[in-house]
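**Q**
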Amino acid sequence: MTAPERPALDTYRDDPLLGDVVVSHDALEARVGELGEQIAADYRDRPPLMVGVLKGAFMFMADLSRAVGLPVECDFMAVSSYGSATKTSGVVRIVKDLDADLTGRHVLLVEDIVDSGLTLSYVRRNLVARNPASLEVCALLVKEGLQRADPDLRYVGFRIPPVFVVGYGLDVAERYRNLPEIRVYEGPVG
Ligand code: 5GP
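See below:
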């Protein structure tokens, strides 16, 4: 018997709480490759410090950092937002801060998903205050039409409908992060 190519796909195959595939594993792989090439071209002369926002961006960050053919540095911060599981209040707390000093650095903030844009707006303001030479954002997913203010995203993976999704780092109560594709979650959320 040969091992399944993607065991996690099999694990979740019959999960009744998972709905349609929003972004397939193949589409993720292809788009991450494209983003990597674009970032490599833009940052050719100034390899960026990539800052991943935990936990949701961990898988995207792992793949994207390898797709960027430059000697990048990686750092992580973790934020928690007050509010329900599905709605951010805009009040964000830094749970784990960066190790790196951002002064004079070219920072590329790597986000999993932008919904209202409130989390991103907080994190961006917080990082700008640390005097980086530049700060751009790469978001894997952006939900259509929900941002209150233009979130000014330099790189976007996919624009998706305003549905609650899981997989490829995104969770519900810590589950589904290792699902290798993005799917609609049809169960109760918070
Ligand atoms: P925003 O502040 O843009 O409204 O929300 C951003 C954060 O809310 C994301 O970093 C993520 O943690 C969470 N979030 C927003 N939409 C979804 C979603 O569809 N699925 C999951 N799992 N988390 C989401």
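Just so we're aligned: the sequence shown equals residues 6 to 195 in my numbering. Beta carbons: idealized from backbone N, C-alpha and C, even for Gly.
By Cβ distance below 6 Å, which residues in the same chain neighbour Gly4 in space, the five residues on each side in sequence not counted?
**A** This structure cannot settle anything about residue 4, because the visible part of the chain is limited to 6 through 195.
**Q** So for Asp19, helix, strand or coil by DSSP?
**A** Position 14 of the sequence shown, counting from 1, holds the residue named residue 19. Residue state, collapsed to three classes: coil.
**Q** Does the contact criterion of 3 or more C-beta pairs under 8 Å hold for the region 156-176 versus the region 133-147?
**A** Yes, the region 156-176 touches the region 133-147.
**Q** Once you ignore the five residues that flank Glu186 on each side, which residues in its own chain have a CB closer than 6 Å to its CB?
**A** Along the sequence shown, read from residue 1 onward, the residue named residue 186 stands at position 181. If we look at Glu186 and ignore the five residues flanking it on each side, its Cβ neighbours are Val26, Ser29, His30, Gly172.
**Q** Does DSSP put Ala134 in a helix, a strand or coil?
**A** The sequence position of residue 134 within the sequence shown is 129, counting from 1. Ala134 falls in the coil class under three-state DSSP.
**Q** Hey, would you say Leu123 sits closer than 8 Å to Val133, going by beta carbons?
**A** Taking the first residue of the sequence shown as position 1, residue 123 is located at position 118. Taking the first residue of the sequence shown as position 1, residue 133 is located at position 128. No, they are not a contact pair.
**Q** Can you tell me which of the three DSSP states Phe163 falls into?
**A** One-based indexing of the sequence shown puts residue 163 at position 158. In the structure shown, Phe163 sits in a strand (DSSP, three-state: E or B).
**Q** When you compare only the Cα positions, how much space is there between Arg98 and Cys79?
**A** Residue numbering aside, residue 98 sits at position 93 when the sequence shown is read from its first letter. Residue numbering aside, residue 79 sits at position 74 when the sequence shown is read from its first letter. Those two C-alpha atoms are separated by around 21 Å.
**Q** Using a 10 Å radius around the Cβ and a threshold of 16 neighbouring Cβ atoms, would you call Ala46 buried or exposed?
**A** Position 41 of the sequence shown holds residue 46. By the 10 Å Cβ count, Ala46 comes out exposed.
**Q** For a test of your reading of the model: does the CB of Ser3 fall under 7 Å from any non-hydrogen atom of ligand 1? Yes or no.
**A** Only positions 6 to 195 of the chain appear in the structure, and residue 3 is not among them; the question remains open.
**Q** Assign Ala62 to buried or exposed, taking buried as 16 or more other Cβ atoms, counted over all protein chains shown, within 10 Å of its Cβ.
**A** Here the question's residue 62 lines up with position 57 in the sequence shown. The residue is buried, with at least 16 neighbouring Cβ atoms inside 10 Å.
**Q** Hey, quick one: how far does the alpha helix (DSSP H) through Asp117 stretch, first residue to last?
**A** Translated into the one-based positions of the sequence shown, residue 117 becomes position 112. Run containing Asp117: none in the alpha helix (DSSP H); it sits in the beta strand (DSSP E), 111-119.
**Q** List the whole-angstrom C-beta distance separating Pro53 from Val128, where the pair is believed to meet the contact cut-off of C-beta under 8 Å.
**A** What you label residue 53 is simply residue 48 of the sequence shown in a count that begins at 1. What you label residue 128 is simply residue 123 of the sequence shown in a count that begins at 1. Not really, about 16 Å apart at Cβ, beyond 8 Å.
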